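Below is one structure, written out as structure tokens; comments come after it.
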Amino acid sequence: MLIFSHVSLIRDGRTVLSGIDATALPHGLIALLGPNGAGKSSLLAVAAGELAPAGGECEFDQLPLARTHANTLARRRALLPQQSSLEFDFSVREVVRLGGTPFPDIPGHELEGLIDSVLQLTDAESLTERRYLNLSGGERQRVQLARVLVQACAAAAQGPALLLLDEPTASLDPRHQHMLLAGLRELARKLPITVLASLHDVNLALTYAEQSWLLYEGRLVAAGKSVDVLTPERLAAVFQLPVRRVEDQLVFGLARGPLA
């Protein structure tokens with residue numbers, strides 16, 4: 125269980141998170157939504173143990189994340205940032221295998237089987253023998269997702285695990301966006317993995333996330349079942365755009381003006 129207890133965070137003298145109280149239950153996909161600068165990436169960094177709160181505490185499975193050694197964190201949680209830099213000319217399989225680095229005790233055949241499974245989940249099987257640096261942006265994203273999935277699944281084999289994803293669908297085409305989130309939801313249901321992912325597509329969150337957390341200016345506006353949190357009225361206030369529901373889809377619209 126991931127618990128934020130009155131978490132506040134200050135960066136460069138500015139408060140970027142204020143009084144965050146939220147609980148992410150295990151076996152679920154939680155969507156983190158909000159406009160740019162709302163604090164989504166900062167919240168994920170706190171959950172990863174990379175940033176220490178100025179106030180409050182963030183715990184996962186009773187571990188105080190900001191005070192846990194990096195080696196222990198690597199065996200309990202996996203993080204995919206918005207941008208993953210890799211300048212070595214590895215094959216795709218070599219990149220994905222890096223996800224098993226924190227687990228040297230895993231037998232080789234088990235690790236290779238896990239790699240095969242996550243390559244299938246991310247639809248990256250056909251990329252296996254290609255060089256990572258020759259891939260497109262979307263293909264690289266699928267490979268990086270496979271890498272952190274290896275880490276998260278290996279962690280889940282030993283106990284509750286945490287998977288943190290910062291805009292994982294940003295570089296993906298619509299088909300792969302749906303494939304990924306459907307796969308993540310099923311994975312979280314089968315394994316003791318809590319998945320917290322920042323998204324900008326509200327309809328993807330409504331379709332695949334059991335819970336949604338909505339942030340605005342560093343504060344948690346609402347948290348709970350996605351259908352209860354992501355209402356047209358609340359979204360219109362947070363994103364400052366008209367929102368209407370059209371046949372079970374939420375549509376953002378722009379009022380007509382001089383540029384319309």
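For the sequence shown, the residue numbers in the working numbering are 125 to 384.
For every residue, glycine included, the Cβ atom is placed at its ideal position computed from N, Cα and C.
All values reported here derive from a predicted model rather than from experimental measurement.
Neighbourhood of T192 by C-beta distance below 7 angstroms, restricted to the same chain and skipping five residues each side
In the sequence shown, residue 192 corresponds to position 68, counting from 1. So the qualifying residues of the chain are G173.
Selected residue, minimal CA-CA separation from I144, among E236, G232, S132, T246
Counting from one through the sequence shown, the residue named residue 144 turns up at place 20. The residue with the shortest Cα to Cα distance from I144 is S132.
DSSP three-state label for T147, please.
As a first step, residue 147 must be located in the sequence shown, where it is residue number 23. DSSP places T147 in strand when its eight states are reduced to three.
Close beta carbons around A379, own chain, < 7 angstroms, minus the five adjacent residues each side:
Position 255 of the sequence shown holds residue 379. Annotation note: pLDDT 47 at A379 (below 50); position unreliable, coordinate value reported separately. Result list for A379: P366, in chain order.
Taking the alpha carbon of S117 as the reference point, which residue from L323, V362, A361, G232 has its own alpha carbon closest?
Past the edges of the chain, shown from 125 to 384, lies residue 117, and the structure says nothing about it.
Bridge partner(s) assigned by DSSP for S336:
Here residue 336 corresponds to residue number 212 of the sequence shown, with the count starting at 1. According to DSSP, S336 bridges with A155, G348.
Contacting residues, own chain, Cβ-Cβ under 6 angstroms from T318 (five flanking each side not counted):
For the purposes of this step, residue 318 is taken as the residue at position 194 of the sequence shown. So the list reads L126, A148, P150, L286, once near-sequence residues are dropped.
By a C-beta neighbour count over all protein chains shown, 10 Å radius and 16 as the cutoff for buried, is E291 buried or exposed?
Numbered from 1 along the sequence shown, position 167 holds the residue referred to as residue 291. Buried.
Please state whether the Cβ-Cβ distance between G163 and L339 is less than 8 angstroms.
Translated into the one-based positions of the sequence shown, residue 163 becomes position 39. Translated into the one-based positions of the sequence shown, residue 339 becomes position 215. Yes, Cβ-Cβ distance for G163 and L339 is below 8 angstroms.
Measure the alpha-carbon distance for S241 versus R138 and round it to whole angstroms.
One-based indexing of the sequence shown puts residue 241 at position 117. One-based indexing of the sequence shown puts residue 138 at position 14. Using only the alpha carbons, I get a separation of about 43 angstroms.
With respect to the beta strand (DSSP E) encompassing F128, which residues constitute its N-terminal and C-terminal limits?
Residue 128 sits at position 4 when you count from the first residue of the sequence shown. Its beta strand (DSSP E) spans residues 126-135.
What are the boundary residues of the beta strand (DSSP E) that R255 is part of?
For the purposes of this step, residue 255 is identified with residue 131 of the sequence shown, where counting begins at 1. Neither: R255 is in no beta strand (DSSP E) and is coded neither H nor E.
Throw me the rounded Cβ distance for the L320 and L156 pair, which I believe falls under 8 angstroms.
As a position in the sequence shown, residue 320 is number 196, starting the count at 1. As a position in the sequence shown, residue 156 is number 32, starting the count at 1. Right, the Cβ-Cβ distance comes to about 6 angstroms (below 8 angstroms), so this counts as a contact.
Return helix, strand or coil for R309, following the three-state DSSP convention.
Within the sequence shown, numbered from 1, the residue matching residue 309 stands at position 185. Three-state DSSP puts R309 in a helix.
Need the endpoints of the beta strand (DSSP E) that G232 sits in, please.
The residue given as residue 232 occupies position 108 in the sequence shown. Run containing G232: none in the beta strand (DSSP E); it sits in the alpha helix (DSSP H), 232-245.
Under a Cβ-count criterion, where at least 16 other Cβ atoms within 10 Å of its own Cβ denotes burial, should G237 be classed as buried or exposed?
Numbered from its first residue, the sequence shown carries residue 237 at position 113. It is exposed - the Cβ of G237 has fewer than 16 other Cβ atoms within 10 Å.
Between which two residues does the beta strand (DSSP E) carrying E183 extend?
The residue you call residue 183 lines up with position 59 of the sequence shown. It spans 179-184 - the beta strand (DSSP E) in which E183 sits, taken as one unbroken run.
T196 - containing alpha helix (DSSP H), residue span
Here residue 196 refers to the residue found at position 72 of the sequence shown. Note, T196: alpha helix (DSSP H), 194-198.
Can you name, in chain order, every residue of its own chain whose Cβ lies under 8 angstroms from the Cβ of D118, other than the five neighbours on each side?
With the chain running from 125 to 384 in the structure shown, residue 118 is simply not present.
Are the Cβ atoms of G232 and A278 separated by less than 8 angstroms?
Translated into positions along the sequence shown, residue 232 becomes position 108. Translated into positions along the sequence shown, residue 278 becomes position 154. No, Cβ-Cβ distance for G232 and A278 is not below 8 angstroms.
Hey, quick one: how far does the beta strand (DSSP E) through A285 stretch, first residue to last?
On the sequence shown, residue 285 is found 161 positions in, with the first residue counted as 1. Where A285 is concerned, the enclosing beta strand (DSSP E) stretches over 285-290.
Cβ shell of A360 (< 8 angstroms), same chain only, five flanking positions each side left out:
On the sequence shown, residue 360 is found 236 positions in, with the first residue counted as 1. Excluding residues within five positions, the ones whose Cβ falls inside 8 angstroms are P366, V367.
Assuming A202 and Q275 make a contact with CB atoms under 8 angstroms, what is their CB distance in whole Å?
Here residue 202 corresponds to residue number 78 of the sequence shown, with the count starting at 1. Here residue 275 corresponds to residue number 151 of the sequence shown, with the count starting at 1. 4 angstroms between Cβ atoms; contact.
In terms of DSSP beta bridges, what is P188 paired with?
Taking the first residue of the sequence shown as 1, we reach residue 188 at position 64. P188 pairs with E183.
Where T355 falls: helix, strand or coil (DSSP)
For the purposes of this step, residue 355 is taken as the residue at position 231 of the sequence shown. In this structure, T355 counts as coil in the three-state DSSP scheme.
Who are the Cβ neighbours of P226 in its own chain at under 6 angstroms, not counting the five residues just before and after it?
Against the sequence shown, residue 226 aligns to sequence position 102. Excluding residues within five positions, the ones whose Cβ falls inside 6 angstroms are A198, R199.
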